[in-house]
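Q: Have a look at this one.
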């Protein structure tokens, strides 16, 4: 059983996130961290590997060279090795360009199962798996809250707007897990100490045979045109109850067209 | 009713933090030298050890797979580091002598100009800087950034730097320190394991170096266990600081004294502010007040907000934006509060947790680095000889070296300068000047001081003058805690030990003192007591509670603030 | 979505893909679709994305459609993304608006936790956009659209996943994450029984009930309703906080609510720093009266 987990380094949750007005890209100069939602996917991969008794979990990512620091968290949790596509020409990739590069890296690995986390905390994206599955021509199930493997197929239970669906698909397949699927383990101290010496591979676009014109900003079909501040939050009103507070709340809700 | 925080001691015994090794030998993690604390002292120690072991591979060989490890409770090295900071570069120069890393030390340049002001509410008087506050040629740094840099250097030198790892207990057996035990992760509020529970581990070490910074959790326990108490109890100050992006550069380092603090001795308000440039577009400013203060309404966070409304400071910040906030205590006991010895069998003490801070000069980072270097050299000497570092006196040379160095010489010179301010601002100021001029020979008698928690509380209308937060220049505590990047998991056991039913005065002291809004006053208990509600997840681990009647213990590793600019 | 598309100029078509869905075509027409393309196929019955990618990609290619817009849902997001890869098209998501601008289209994207608005464009056609649900008001048109059927060719890998059991809309009240209105209670309620006040107010507003960590810890209300750092993160249109101080762990879970009303007796409660309307007063007096007024309005 070989499982690839697609993960991403994102600005640390506490960092002040901003889009650089010059490059119009997310400013990634600050502290980076493993996208918290990806830890659920790593955890699920480790559980599946351990339940199967053998196999390999490889984390696959795209990002600057220093993103290896964040991938190490997945290795400390127990993943076996890491593959990072780090190439200046890949910077600024949109969904289309990212899915192409990532699919090439996954084709090289030939995993039985590709896992994604629920979303990325920086772009609020929750779409990449479907594009990658399309490029790999494999079935995809998203938002999976319960995953079981049996023989050559997997069954996922997932929450939708209407309740729970149960979907089955043959392997190899692509699955995006919800964060309710498990509680990611804490890396053990031994895991943290051993992470540095696990195999960590950095690949260029050329290594994957991806033409630079199909990656990065060049290969992207969307663009950022301008940035602006969101409309200001209305003024803050505060009142002391003089016996008419309930009436005043109703008036406020009516004014805001909330009732 | 006269209330002293010390009369309501926390439900915590230092002996709780000392245990014999628990894990079976087969599961124990073994390292050569274990350093607790990824700050300037601990990391300088790790870097120096790396240098020494590189030149002595046979010693490194004997230390096993992991010759040097540093455990750090913060999310990353630097996450919990906060200081002014203007650094005397002397010790860093020695650490990186003839090495390219010296040019890589992240600084905001040298201090070129300085100004000291005596403030009143409406005015400021520029006074000549006292000799202890002359900083020409010193480096302006963010100690948080310095920590990250030093951690990279330590790793490059072969040390294993282990963040998100809290040293919960000191392992002691056969009369010697054998390492530490890390805390559990994934415990629920009541202490029972949650789904992802990961138990703590013993880390066994030939030598353990405690470099925990202010309020060292294990240092306190070790000092008691090995009878290392100094002549006087340790005391602390609380500092709250902010970093601002500003449109106009500040050219000099600024210190202020006086307002908003009050001069009379009964208030016990000793402290001042600093405003330092950080390059052309940022300034760092903070307020530090000694925790011997008595007024239950004093809040250092709000005093800092008040200070910013002064014309002198407002001008510097005009058009700017606050980008960082944090709080931390500073060890202030000085020479008289130093431990009797800086070592015990298997153990070395370094940096601020060993009391190495010079209050009059507002410096401690170079002592931390220097003592870290010396601790590394002492550990190495012992390990190289292949002797047992547990032999009593094996580290006596560390003590001798430290005492013979400028570190202890400096501290001795200024030994009474901090204490005399118990006598109020003017008399204290005069006595301090006498000491400066005579290099500590006058006045001839040593002034002793009492523990912060021993001061009887008073109540004045202190809070009336705090400005109402406007969200632009002045801020409330909650939005500040947000800015600290704090994301302590809030369903873990509380790491703050206090008595929960206390007199109203003491509860109010905690509420106002805490810069992170951890304490709230709950239901009345009749008889003048109240219940204290605690929000441990707001805690930025400044340590003030330990000085004023409670006890901070380390929460789950990785908790707390994530400072990057402080 | 259709109404918005109609306002942009150009030809607007609705696309309906499913099984037994023909009845929806008329509705689509009423909201501005000049043509409604319908693929009605038993193999499209289950709400799975990949066969829909096949169907829509085929239509976009055949009809040379330049822009494909979706309203956000779990299914729509997966279809939009798969379609982007299939057609080598750009996909912008988290859109809150779109406008015609000199022969092309510019979308408004709300990014970084709504802290910045980004104008986004497409460098080629087809353009694909995924919009936050509920950002546009439907407008009725007089003319009904012409219905045109098409037969999608489905690919092998698109049919690999199969629905074993399909969800049905739950009949119980909205879960708090989906609720448009949330009424939350905190320690200020004083005792667990007082949650009845919150429940009644929630009912009057057609909303869901939430709780703070403190009261969940105290066992007053179930964990599934906890909003905050360790509970759920919600962003309803209206959040009414009763007896909640606004501690940091609660704030992070609800601060992106569109409108926040807070009732608390402590004038210094931090929640007043970020509530749109802060009411300093006794919730035990205010909440029942508020419920009564709302019920009177509703009836």
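Protein chains in written order, with the numbering used here: chain A, 128 to 386; chain B, 5 to 570; chain C, 1017 to 1315.
Even glycine gets a Cβ: it sits at the ideal position worked out from N, Cα and C.
Just so we're clear, the structure is a prediction, and the values are computed from it rather than from any experiment.
Do you know offhand how far residue 1189 of chain C's Cα is from residue 293 of chain A's?
A: Residue placement at residue 1189 of chain C is flagged as unreliable, the pLDDT there being 47, under the threshold of 50; the coordinate-derived value follows with that caveat. Each residue's alpha carbon lies about 22 Å from the other.
Q: For residue 1139 of chain C and residue 347 of chain A, what's the separation of their Cα atoms in angstroms?
A: 8 Å
Q: What are the residues of the region 156-187 of chain B that lie near chain A, defined by any Cβ-Cβ distance shorter than 9 Å?
A: 159, 164, 166, 167, 168, 169, 186
Q: What separation, rounded to the nearest whole angstrom, lies between the Cα atoms of residue 1061 of chain C and residue 1182 of chain C?
A: Taking the CA atoms as reference points, residue 1061 of chain C sits about 10 Å from residue 1182 of chain C.
Q: Which residue marks the beginning of the alpha helix (DSSP H) containing residue 393 of chain A, and which one marks its end?
A: Because residue 393 of chain A is not part of the residues shown, which for chain A are 128 to 386, the question remains open.
Q: Using C-beta distances below 8 Å, list every residue in its chain close to residue 1185 of chain C, excluding the 5 sequence neighbours before and after it, in chain order.
A: Low local confidence applies: a pLDDT of 49 at residue 1185 of chain C is under 50, so the model's placement there is unreliable, and no value is given.
Q: Against chain E, with Cβ distances strictly below 8 Å, would residue 199 of chain B count as a contact?
A: Structure shown: chain E not included; protein chains present are A, B and C.
Q: CA-CA distance, residue 1028 of chain C and residue 222 of chain A?
A: 26 Å
Q: Anything in the region 211-236 of chain A with a Cβ closer than 7 Å to a Cβ of chain C? List those residues in chain order, please.
A: For the region 211-236 of chain A, the residues whose beta carbon sits under 7 Å from a beta carbon of chain C are, in order, 221, 222, 223, 226.
Q: Check whether the region 40-58 of chain B touches the region 77-90 of chain B, counting contact only when three or more Cβ pairs, one atom from each stretch, lie closer than 8 Å.
A: yes
Q: Can you name the residues of chain A whose CB is closer than 7 Å to the CB of residue 1295 of chain C?
A: 366, 368, 372, 376
Q: Have a look at residue 276 of chain A and residue 1178 of chain C and give me their C-alpha separation to the nearest angstrom.
A: 15 Å
Q: Leaving out five residues before and five after residue 372 of chain A in sequence, what residues of the same chain have Cβ atoms less than 8 Å from its Cβ?
A: 366
Q: Which residue's Cα is closest to the Cα of residue 508 of chain B: B:518, B:501, B:526, B:204?
A: Taking only the C-alpha atoms, the option nearest residue 508 of chain B is B:526.
Q: Give a yes or no on whether the C-beta atoms belonging to residue 177 of chain B and residue 25 of chain B are separated by under 8 Å.
A: yes
Q: Check each candidate in B:559, B:356, B:352 and name the one with the smallest Cα separation from residue 401 of chain B.
A: B:352
Q: Between the beta-carbon of residue 163 of chain B and the beta-carbon of residue 23 of chain B, is there less than 8 Å?
A: no
Q: How would you label residue 391 of chain B, buried or exposed, when you count the other beta carbons within 10 angstroms and need 16 or more for buried?
A: Under the 10 Å beta carbon count, residue 391 of chain B is surrounded by fewer than 16 other beta carbons and is classified as exposed.
Q: Rounded to the nearest angstrom, how far is the Cβ of residue 244 of chain B from that of residue 290 of chain B, given a contact under 8 Å?
A: 6 Å
Q: Please report the straight-line C-alpha distance between residue 1187 of chain C and residue 247 of chain B, rounded to a whole angstrom.
A: Because residue 1187 of chain C sits at a pLDDT of 39, beneath the cut-off of 50, its placement in the model cannot be relied upon, and the point is left open.
Q: Nearest by alpha-carbon distance to residue 329 of chain B: which of B:39, B:565, B:70 is it?
A: B:565
Q: Buried or exposed, going by whether 16 or more other CB atoms sit within 10 Å of the CB of residue 1069 of chain C?
A: buried
Q: Under 8 Å, do residue 417 of chain A and residue 218 of chain A count as touching if we go by C-beta distance?
A: Here chain A covers residues 128 to 386 and nothing more, so residue 417 of chain A does not appear.
Q: Closer than 6 Å by C-beta to residue 202 of chain B: which residues in its own chain qualify, once you throw out the five before and the five after it? Chain order, please.
A: Same-chain partners within the cutoff: 189, 190.
Q: Using a Cβ cut-off of 8 Å, which residues of the region 1207-1236 of chain C contact any Cβ in chain B, in chain order?
A: 1229, 1233
Q: My output table needs one value for residue 233 of chain A: the three-state DSSP class, helix, strand or coil.
A: helix
Q: What's the gap between the Cα of residue 1026 of chain C and the Cα of residue 1081 of chain C?
A: 11 Å
Q: Any C-beta of chain A within less than 9 Å: which residues of the region 1078-1108 of chain C qualify?
A: 1089, 1090, 1091, 1093, 1094, 1095, 1096, 1097, 1098, 1099, 1100, 1101, 1102, 1104, 1105, 1106, 1107, 1108
Q: Measure the alpha-carbon distance for residue 238 of chain B versus residue 1297 of chain C and round it to whole angstroms.
A: The alpha-carbon atoms of residue 238 of chain B and residue 1297 of chain C are separated by roughly 46 Å.
Q: Going residue by residue through the region 1264-1313 of chain C, where are the continuous beta strand (DSSP E) segments of at least 3 residues, counting only ones entirely within it?
A: 1275-1280, 1293-1296
Q: Going along chain C in order, which residues have a C-beta closer than 7 Å to the C-beta of residue 383 of chain A?
A: 1275
Q: Under 7 Å Cβ-Cβ, which residues of chain B neighbour residue 312 of chain A?
A: 200, 202
Q: Should residue 170 of chain B go down as buried or exposed, given a rule of 16 or more other Cβ atoms within 10 Å for buried?
A: buried
Q: Looking at C-alpha atoms only, which residue of C:1243, C:1075, C:1207 is the closest neighbour of residue 1055 of chain C?
A: When only C-alpha atoms are compared, the closest one is C:1075.
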